[in-house]
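Taken in sequence, the protein lines are chains A and B.
Residue numbers for the first sequence follow our numbering, beginning at 1 and rising by one.
Residue numbers for the second sequence follow our numbering, beginning at 417 and rising by one.
In this text, a Cβ means the ideal position worked out from N, Cα and C, and glycines have one as well.
Values in this document were obtained by computation on a predicted structure and should not be read as measured data.
Inspection log for the structure reproduced underneath, given as structure tokens.
2 protein chains.
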Amino acid sequence: MQPLPGFRDLYPGDFARRNYLTSRWRETARRYGFVEFDGPTLEPTDLYRKKNSGGEILGQLYEFTDKGERDVSLRPEVTPTLARMIAARHRDFPKPLRWFNVGTCFRYERQQRGRLREFLQFNCDLVGDASPAADAEVVALLIDLLRSFGLTEQDFAIRLSDRSAWQSFMSGHGVPQEKAGEFLQIVDRMEKMPEEKTAALLAPFGVALATVKDFIEKAEIPALEPLLSDLEARGLRSFVRPDLGVVRGLAYYTGVVFEAFALHGGLRAIAGGGRYDRLLSDLSDGQADLPAVGFGMGDAVLLELLGECPSAKAREEAALKADAAVQLYLVIASEEHRAEALGLAQLLRESGWRVAYPLAEEKVGKQFGTAESSGATHAIVVGSEWPTLKVKRLADRHEESVPKDSILAWLANTRS
Amino acid sequence: MQPLPGFRDLYPGDFARRNYLTSRWRETARRYGFVEFDGPTLEPTDLYRKKNSGGEILGQLYEFTDKGERDVSLRPEVTPTLARMIAARHRDFPKPLRWFNVGTCFRYERQQRGRLREFLQFNCDLVGDASPAADAEVVALLIDLLRSFGLTEQDFAIRLSDRSAWQSFMSGHGVPQEKAGEFLQIVDRMEKMPEEKTAALLAPFGVALATVKDFIEKAEIPALEPLLSDLEARGLRSFVRPDLGVVRGLAYYTGVVFEAFALHGGLRAIAGGGRYDRLLSDLSDGQADLPAVGFGMGDAVLLELLGECPSAKAREEAALKADAAVQLYLVIASEEHRAEALGLAQLLRESGWRVAYPLAEEKVGKQFGTAESSGATHAIVVGSEWPTLKVKRLADRHEESVPKDSILAWLANTRS
Chain A
1 MQPLPGFRDL YPGDFARRNY LTSRWRETAR RYGFVEFDGP TLEPTDLYRK
51 KNSGGEILGQ LYEFTDKGER DVSLRPEVTP TLARMIAARH RDFPKPLRWF
101 NVGTCFRYER QQRGRLREFL QFNCDLVGDA SPAADAEVVA LLIDLLRSFG
151 LTEQDFAIRL SDRSAWQSFM SGHGVPQEKA GEFLQIVDRM EKMPEEKTAA
201 LLAPFGVALA TVKDFIEKAE IPALEPLLSD LEARGLRSFV RPDLGVVRGL
251 AYYTGVVFEA FALHGGLRAI AGGGRYDRLL SDLSDGQADL PAVGFGMGDA
301 VLLELLGECP SAKAREEAAL KADAAVQLYL VIASEEHRAE ALGLAQLLRE
351 SGWRVAYPLA EEKVGKQFGT AESSGATHAI VVGSEWPTLK VKRLADRHEE
401 SVPKDSILAW LANTRS
Chain B
417 MQPLPGFRDL YPGDFARRNY LTSRWRETAR RYGFVEFDGP TLEPTDLYRK
467 KNSGGEILGQ LYEFTDKGER DVSLRPEVTP TLARMIAARH RDFPKPLRWF
517 NVGTCFRYER QQRGRLREFL QFNCDLVGDA SPAADAEVVA LLIDLLRSFG
567 LTEQDFAIRL SDRSAWQSFM SGHGVPQEKA GEFLQIVDRM EKMPEEKTAA
617 LLAPFGVALA TVKDFIEKAE IPALEPLLSD LEARGLRSFV RPDLGVVRGL
667 AYYTGVVFEA FALHGGLRAI AGGGRYDRLL SDLSDGQADL PAVGFGMGDA
717 VLLELLGECP SAKAREEAAL KADAAVQLYL VIASEEHRAE ALGLAQLLRE
767 SGWRVAYPLA EEKVGKQFGT AESSGATHAI VVGSEWPTLK VKRLADRHEE
817 SVPKDSILAW LANTRS
């Protein structure tokens, strides 16, 4: 029996990698004063039908009728839940809200490499402040997040754009307001499309491809200036590139939009976001009329990227090694001392050490083998010399005798 | 718009409490050398239909047909997924496996206090060792887990029993093997049932209530001796009580069974588990014929209990306070120094501090108010004295001047 197509069994090694990812997500968000929230995995389908951010998502819902005859769906994204939660209680919290979520989402997508039907998403939203200072906090958070994995200016960049520049372009070139979403989707996809195709799609708007390319190349985005000087003050200016070629597909963005992308191995997007000052109001029927800026990222592309960048890979490997399942392995050299070994295991575990020992009698050599493969840094031998312990550093087999009563102090000392 | 009945919106304060819980779960399991795994939230319904642990669960499934015409269900428990994963790859891992999972599960239960339809569960399983030494590891883990919340011998105990004692009883009293499950369910519920009702249910088995009560009171469980001496060696003997009145409802247990329960405010069960040496083989059609012992616990009863025990409550509150959203609040005393404040925020965050500052110009008094309500321990004033900072400890308003270049060292010093 297999998991469903598009779903994953996470064995301990896979989970440790995911945990490395989510720990960095959480840690970085918290350095920026963000707090975590979560909502239900299953929601009334109406929450997604009501206002939806892109037509595609509705067709990919895991939707069904529950035993109480309710039309329900597994969440395809977390933003509608966030909007409901903020609408219900935003008066209880001082503004701006800095909220993040790490959660699984579900979309019935066509099966292809890297596309999962259950995937993990990180969402960060700063709600209740419409200023470029808020935009800068969120973009800086995204930069520091990627840096926390050991990724550098050589590995990624943030392309920054602004919907207002495109709004001016569209009104200047006679694109009607109700067609704006459609027009922007064409621009969003033009990098991945043959020029003739883009030109054909633009034709009904009466806009020439050359005009659009020219506008993008001129790259004048005055609205971005305050955001850029803010990032300059933080020393993060070099990570961002103003680029009108980024528009983001979603219809609801109103101001700055941005995309983190990998600089080698194809321009894969790692994360994307922007300002959406009307969405919360729309989703909550006006109950939460709050400006907001945020971004989302999934786990799949990022994990792929970490594997490809040597410095990031080395950092991940070091972190996983430091996080090994076992730190200390107790070798029980004579079975008569099992009770003492159990007492010692208890003492060490109560001090926070990750400890293992053989559950049954085993040859000492085999125990050392287990100790080494467990990832432990030290083996502690409990045997005839009790209450003196032999402590062996497994990396270089250096050995010391340590009285049982001073083992905690001795270990605290090696740790630091 | 509301969440579905039985589902929860976790606002940041609720999430922080849940996080306190899951952190202790993870930390304690890891001290025992356990590693985390996870599986899909959605599974083929056959996984649950095949062999099921209790009749009840199948009737409570969130079951539907997906867009690919597959019969699928939200997981009501994690054990069948564990069995599948172990069956597929157990040869890749040295035995015993020490695996744990923290995951949401879904059951369409009748709505009542404390019963949720989406709930968080912690599962710990030690697989591949049939000895009492393995039972002891798992029971000790459960005890240390509850102690990690500040719960003591006055707050909880573990009732220990053994299915083999009941097997002898049943064969000695002519209960046919195929009726064993039914008989044990009656015993499992007798504490909560009027005596006459239990007596009536036992009548068809030809066993008098007095005989059963007598057997329980005599409390002779020789099979538990090795487990009890193991716990004695760890100094944990006083937390457990041999008690044949515990049998656990699930049919699949084969040896020791146990239950952690609260000692005040009604004998609520906090966690339960036992040895199940045939389940993995049954669930995997013999592909993983491995003995196992484990337990599970939910978040709801435990959270309730922590609120009721003063020492546990105090520990939780201290942990939540130490984990406040913001540690350092930058007060921008003059707007001309905003760029310097941004640079300082970056420096502090890069050193791991959780930092906030006002996104727009604000009166200094208001900024101090925000600093205090944010949970920060210190306010750092950036103003006309730059590059000298004024650092105010918010608890007692003690103030010091610190040059910007030594702020990191100064803070590291206060922390320790």
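{"query": "Spatial distance of Glu-195/A from Asp-285/A (CA atoms)", "result": "41 Å"}
{"query": "For Gln-537/B, the three-state DSSP class (helix, strand or coil)", "result": "strand"}
{"query": "Spatial distance of Ser-23/A from Asp-214/A (CA atoms)", "result": "43 Å"}
{"query": "Top-ranked residue by Cα proximity to Tyr-253/A, from Leu-74/A, Val-355/A and Ala-180/A", "result": "Ala-180/A"}
{"query": "Close Cβ partners of Lys-313/A (< 7 Å) along its chain, the five nearest in sequence each way excluded", "result": "Leu-306 and Gly-307"}
{"query": "Distance CB(Val-326/A)-CB(Ser-374/A) smaller than 9 Å", "result": "yes"}
{"query": "Interface partners of Ala-356/A on chain B, CB under 9 Å", "result": "Tyr-448, Gly-449 and Arg-514"}
{"query": "Cβ-heavy atom distance, Glu-232/A to the ligand ATP, below 8 Å", "result": "With respect to the ligand ATP, the structure shown offers nothing to examine, as it has no ligands at all."}
{"query": "With 16 other Cβ atoms within 10 Å as the buried cut-off, status of His-420/A", "result": "Since the displayed chain A opens at 1 and closes at 416, residue 420/A lies outside it and no answer follows."}
{"query": "Asn-517/B, buried or exposed, once every other Cβ within 10 Å from all chains shown has been counted against 16", "result": "buried"}
{"query": "Span separating the alpha-carbon of Val-494/B from that of Ala-504/B", "result": "16 Å"}
{"query": "Distance, Ala-445/B Cα to Glu-816/B Cα", "result": "43 Å"}
{"query": "Three CB pairs or more closer than 8 Å across the segment 694–713 of chain B and the segment 535–554 of chain B", "result": "yes"}
{"query": "Whole-Å CB distance - Asp-66/A paired with Tyr-478/B, under 8 Å assumed", "result": "7 Å"}
{"query": "Inter-residue CB distance, Ala-262/A and Asp-155/A (contact presumed, cutoff 8 Å)", "result": "7 Å"}
{"query": "Ordered list of alpha helix (DSSP H) runs contained in the segment 532–593 of chain B, each at least 4 residues", "result": "548–563 and 579–588"}
{"query": "Residue from Thr-457/B, Trp-441/B, Ala-432/B and Glu-443/B whose Cα sits closest to the Cα of Val-35/A", "result": "Ala-432/B"}
{"query": "Ordered list of beta strand (DSSP E) runs contained in the segment 424–506 of chain B, each at least 3 residues", "result": "458–460, 479–481 and 487–490"}
{"query": "Close Cβ partners of Arg-8/A (< 6 Å) along its chain, the five nearest in sequence each way excluded", "result": "none"}
{"query": "DSSP-derived helix/strand/coil call for Lys-511/B", "result": "coil"}
{"query": "Contact set between Gly-435/B and chain A, taken where Cβ atoms lie within less than 8 Å", "result": "Position check: residue 435/B holds Asn in this sequence, whereas Gly was assumed. Ordered by position in chain A, the residues that pass the 8 Å Cβ test against Asn-435/B are Glu-36."}
{"query": "Beta-carbon spacing of Tyr-436/B, Glu-732/B below 9 Å", "result": "yes"}
{"query": "Cβ pair Asp-560/B, Arg-447/B closer than 9 Å", "result": "yes"}
{"query": "From Leu-805/B, Arg-514/B, Thr-497/B and Gly-690/B, residue whose alpha carbon lies closest to that of Leu-10/A", "result": "Thr-497/B"}
{"query": "Beta-carbon neighbours of Asp-646/B, restricted to chain A and to distances below 7 Å", "result": "Leu-342"}
{"query": "DSSP three-state assignment for Val-212/A, whether helix, strand or coil", "result": "helix"}
{"query": "Asp-578/B classed as buried or exposed, judged by whether at least 16 other C-beta atoms fall within 10 angstroms", "result": "buried"}
{"query": "Reference Glu-69/A, options Asp-454/B, Gly-519/B, Leu-420/B and Thr-461/B, closest by Cα", "result": "Leu-420/B"}
{"query": "Any chain A beta carbon closer than 9 Å to Leu-679/B", "result": "no"}
{"query": "C-beta contact flag for Ala-787/B and Leu-532/B at 9 Å", "result": "no"}
{"query": "Selected residue, minimal CA-CA separation from Ile-270/A, among Leu-228/A, Leu-244/A, Gly-245/A and Met-297/A", "result": "Met-297/A"}
{"query": "Residues of the segment 683–706 of chain B whose Cβ lies closer than 7 Å to any Cβ of chain A, in chain order", "result": "none"}
{"query": "Residue from Thr-830/B, Gln-601/B and Ala-740/B with nearest C-alpha to Lys-808/B", "result": "Thr-830/B"}
{"query": "Close-in-space but distant-in-sequence residues of the same chain around Ile-502/B (CB under 8 Å, 5 per side omitted)", "result": "Leu-513, Val-543, Leu-696, Ser-700, Ala-704 and Leu-706"}
{"query": "Per DSSP, cross-strand counterpart(s) of Asn-517/B", "result": "Asn-539/B"}
{"query": "Whether Leu-474/B touches Phe-522/B by CB criterion (9 Å)", "result": "no"}
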